[in-house]
Amino acid sequence: MDDLQYGTRNKRGDWAPNEPAGTAPLFVFPPRPLAVLKWLPHYFLPYNLLFALSAVAWWRFVLPDVEAMKTLSVGWILRLFIVNCAALLVFFGAFELRLYILRAQGNRFKYNGKWPSEQKSKAFFFESQNIDNLLRTFGTGMPIWTAIEVAILYAYANGYVPWLTVAEHPAYLFCLALVVPIIHETHFFLLHRSIHWGPLYKWVHSVHHNSVNPSPWSSLSMHPVEQLGYLGVAFWHLIIPSNPLLALYQLHYAGLGAIPGHVGFDKVELTEDISVDSHAYIHYLHHKYFEVNYGDGLIPFDRWFGTFHDGSKDGEARMQARYEKKKARANAAAK
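As structure tokens, then:
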């Protein structure tokens with residue numbers, strides 16, 4: 001595919017789409033029903049449906065029966081941890097292998113023209129972004145992921161929280177499944193905005209932002225506190241009446257779903273004529289500019305709070321104007 005039909009590349013080799021980034025046509029006034037209908041398939045495909053099906057697969061083929069989950073046994077917990085790690089290695093690794101190791105589509109649709117493997121930095125373990133990201137993902141991220149999963153399943157199995165069944169509450173659980181992405185977006189925005197507060201950014205979130213030029217393994221490369229907060233979105237299903245299968249879906253949506261925003265490419269080519277949109281541009285701009293796009297655009301939080309950057313010159317101007325106001329306030333307070 002010719003990426004210059006869809007965007008432009010500057011002298012540094014950085015690619016940007018022609019069309020400014022946009023947010024989903026939800027929660028807007030006046031309502032845009034036709035836009036919503038046109039956008040709706042993107043709500044499910046390809047990622048949301050994949051993560052929902054993965055939760056069903058875990059429930060059917062990976063987890064033990066409910067009686068076994070009433071006890072914290074090393075056997076089923078270790079098996080779950082190994083399967084989680086293997087699944088993440090395959091899923092994230094497929095993007096890494098095709099786009100960054102084999103470089104099957106070169107730098108077509110790649111936002112940052114540089115390759116992380118060719119940039120050494122003392123911010124990373126062994127001065128390597130990939131090694132650092134892998135160590136953080138599998139060293140703390142996957143144990144935390146599995147611990148959250150086990151805690152939720154243990155709570156449901158022992159009746160510590162209400163377990164709504166599909167047979168008794170089909171309509172409610174169907175609607176709850178539909179809003180899993182909305183729960184994620186709300187949780188993510190609130191968490192993300194809070195960890196950009198000075199001390200929390202310095203000690204926690206800066207670890208993730210070391211990957212200014214993110215790649216697939218950057219997706220869950222975070223400080224353990226942030227990993228717990230981010231993956232902890234699944235705990236909402238211990239507070240609201242729900243079902244353990246939906247809690248698994250919520251966890252998979254966060255964990256496996258971290259990769260689209262960090263893949264580093266606007267489109268992933270499948271053939272010469274077919275590609276899958278990554279929807280990564282909004283979050284890539286956050287990694288580039290730090291103080292914009294705290295959400296992913298499903299809910300227009302950043303538009304509402306004035307922190308949205310769509311990648312256009314107007315977006316750049318709005319960002320710079322906000323920075324100048326912030327600087328002026330800081331200078332005034334220092335006098």
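Each step along the sequence shown adds one to the number in UniProt numbering, with nothing skipped, and position 84 is 84.
Don't be surprised by glycine CBs; every beta carbon is placed ideally from N, CA and C.
Report the rounded CA-to-CA distance for Trp15 versus Gly113, giving the unit in angstroms. Counting from 1 along the sequence shown, the entry for residue 15 is found at position 15. Counting from 1 along the sequence shown, the entry for residue 113 is found at position 113. So the alpha carbons of these two residues sit roughly 7 Å apart.
Could you check where the alpha helix (DSSP H) with Thr146 kicks off and where it finishes? The residue you call residue 146 lines up with position 146 of the sequence shown. It spans Met142 to Ala157 - the alpha helix (DSSP H) in which Thr146 sits, taken as one unbroken run.
Assuming Lys120 is part of the alpha helix (DSSP H), what are its boundary residues? Indexing the sequence shown from 1 puts residue 120 at position 120. Careful: Lys120 lies outside any alpha helix (DSSP H) and carries neither H nor E.
Do the region 9-23 and the region 306-319 touch if we need at least three Cβ pairs shorter than 8 Å? yes
Counting Cβ pairs, one atom from each stretch, are 3 or more of them under 8 Å apart for the region 38-54 and the region 253-260? yes
Residues that Val268 bridges to, as DSSP identifies them: Residue numbering aside, residue 268 sits at position 268 when the sequence shown is read from its first letter. Note: Val268 sits in a beta bridge opposite Val276.
Count the other C-beta atoms from every protein chain shown that fall within 10 angstroms of the C-beta of Ala321, then say buried if there are 16 or more, exposed otherwise. Within the sequence shown, the letter at position 321 stands for residue 321. Classification for Ala321: exposed.
Near residue 336, which residues of its chain fall below 8 Å by C-beta distance, leaving aside the five closest residues on each side in sequence? Shown here, the chain extends from 1 to 335; a query on residue 336 therefore has no answer.
So, for Phe301: in the same chain, excluding its five sequence neighbours on each side, which residues have a beta-carbon less than 6 Å away from its beta-carbon? Locating residue 301 in the sequence shown gives position 301, where the first residue counts as 1. So the qualifying residues of the chain are Phe189 and Gly295.
C-beta atoms of Ser218 and Tyr100 nearer than 7 Å: Here residue 218 refers to the residue found at position 218 of the sequence shown. Here residue 100 refers to the residue found at position 100 of the sequence shown. Taking 7 Å as the Cβ cut-off, Ser218 and Tyr100 do not qualify as a contacting pair.
For Met1, tell me which candidate among Thr271, Trp145 and Val179 has the shortest Cα-Cα distance. For the purposes of this step, residue 1 is taken as the residue at position 1 of the sequence shown. Minimum Cα distance to Met1 is reached at Thr271.
Rounded to whole angstroms, what's the CA-CA distance from Leu248 to Ile240? Just pull it up for me. Stepping through the sequence shown from its first residue, residue 248 is reached at position 248. Stepping through the sequence shown from its first residue, residue 240 is reached at position 240. Cα-Cα distance, rounded: 14 Å.
What is the C-beta distance between Trp163 and Tyr156, in whole angstroms, given that I count them as a contact (C-beta under 8 Å)? One-based indexing of the sequence shown puts residue 163 at position 163. One-based indexing of the sequence shown puts residue 156 at position 156. The pair is a contact, with the Cβ atoms about 5 Å apart (cut-off 8 Å).
Look at His279 and Pro260 and say whether their C-beta atoms are less than 7 Å apart. As a position in the sequence shown, residue 279 is number 279, starting the count at 1. As a position in the sequence shown, residue 260 is number 260, starting the count at 1. In contact: His279 and Pro260 (Cβ atoms closer than 7 Å).
By the DSSP assignment, the beta strand (DSSP E) with Pro17 in it spans what residues? For this step, residue 17 is matched to residue 17 along the sequence shown. Segment Trp15 to Pro17, the beta strand (DSSP E) holding Pro17.
May I have the straight-line CA-CA distance separating Lys120 from Trp59, to the nearest angstrom? Taking the sequence shown and counting its residues from 1, the one referred to as residue 120 is at position 120. Taking the sequence shown and counting its residues from 1, the one referred to as residue 59 is at position 59. Looking at the two C-alpha atoms, the distance is approximately 41 Å.
Indicate the three-state DSSP secondary structure (helix, strand or coil) for Arg136 in the structure shown. Start at 1 with the first residue of the sequence shown, and residue 136 comes out as number 136. Helix at Arg136.
Within 7 Å, strictly: CB atoms of Ser206 and Gln129: To locate residue 206, count along the sequence shown from 1; it is residue 206. To locate residue 129, count along the sequence shown from 1; it is residue 129. No, the Cβ-Cβ distance between Ser206 and Gln129 is not below 7 Å.
Excluding the 5 residues preceding and the 5 following Phe81 in the sequence, name in chain order all residues of the same chain whose CB lies nearer than 8 Å to its CB. Stepping through the sequence shown from its first residue, residue 81 is reached at position 81. Counting only Cβ-Cβ distances below 8 Å, and skipping sequence neighbours, we find Met142, Pro143 and Thr146.
With a threshold of 16 other CB atoms inside 10 Å of the CB of Ile195, please say whether the residue is buried or exposed. As a working mapping, residue 195 is identified with position 195 in the sequence shown. Buried, by the Cβ-count rule.
CA-to-CA distance, Val263 to Tyr323, given in whole angstroms: For this step, residue 323 is matched to residue 323 along the sequence shown. For this step, residue 263 is matched to residue 263 along the sequence shown. Straight-line Cα distance between these residues: approximately 28 Å.
Coil, strand or helix - Trp76 by DSSP: Your numbering for residue 76 matches position 76 in the sequence shown. If DSSP states are grouped into helix, strand and coil, Trp76 belongs with the helices.
Quick check on the burial criterion: 16 or more other C-beta atoms within 10 angstroms. Buried or exposed for Gln5? Here residue 5 corresponds to residue number 5 of the sequence shown, with the count starting at 1. The residue is exposed, with fewer than 16 neighbouring Cβ atoms inside 10 Å.
4 or more residues per run - each alpha helix (DSSP H) lying fully within the region 12-100: 33-44, 47-57, 66-69 and 74-95
With 16 other CB atoms within 10 Å as the buried threshold, where does Thr165 fall? Start at 1 with the first residue of the sequence shown, and residue 165 comes out as number 165. When all chains shown are included, Thr165 counts as exposed.
Could you work out which residue in Ser221, Val233, Asn331 and Trp39 is closest to Ala123 when comparing CA atoms only? Taking the first residue of the sequence shown as 1, we reach residue 123 at position 123. Of Ser221, Val233, Asn331 and Trp39, the residue nearest in Cα terms is Ser221.
Residue range of the unbroken alpha helix (DSSP H) whose run includes Arg322: Along the sequence shown, one-based indexing puts residue 322 at 322. Residues Lys313 to Ala334.
Whole beta strand (DSSP E) runs in the UniProt domain "Fatty acid hydroxylase" (178-307) with 3 or more residues, listed along the chain? 267-269 and 275-277
Among Lys326, Pro64 and Ala24, which residue has its Cα nearest to the Cα of Leu78? The residue given as residue 78 occupies position 78 in the sequence shown. Comparing Cα positions, the closest option is Pro64.
What does DSSP give as the partner residue(s) for Thr8 in the beta ladder? For the purposes of this step, residue 8 is taken as residue 8 along the sequence shown, with counting starting at 1. Beta-bridge pairing links Thr8 to Ala16.
Nearest-angstrom Cβ-Cβ length linking Ala177 and Leu246, presumed shorter than 8 Å: Mapped onto the sequence shown, residue 177 falls at position 177. Mapped onto the sequence shown, residue 246 falls at position 246. Yes, they are in contact, since the Cβ atoms of Ala177 and Leu246 sit about 6 Å apart, within 8 Å.
Using only alpha-carbon positions, find the residue among Trp203, Trp39, Asp266 and Cys85 that is nearest to Gln105. Translated into positions along the sequence shown, residue 105 becomes position 105. If we check each option's Cα against that of Gln105, Asp266 comes out closest.
Suppose the cutoff is 6 Å on Cβ atoms and the five residues either side in sequence are ignored; what does the same chain contact list for Arg136 look like? As a first step, residue 136 is located in the sequence shown; it is residue number 136 there, counting from the start. Ser221, listed in sequence order.
How many whole angstroms separate the CB atoms of Val204 and Val233, which I take to be in contact at a CB cut-off of 8 Å? In the sequence shown, counting from the first residue as 1, residue 204 sits at position 204. In the sequence shown, counting from the first residue as 1, residue 233 sits at position 233. The Cβ separation is near 17 Å, so there is no contact.
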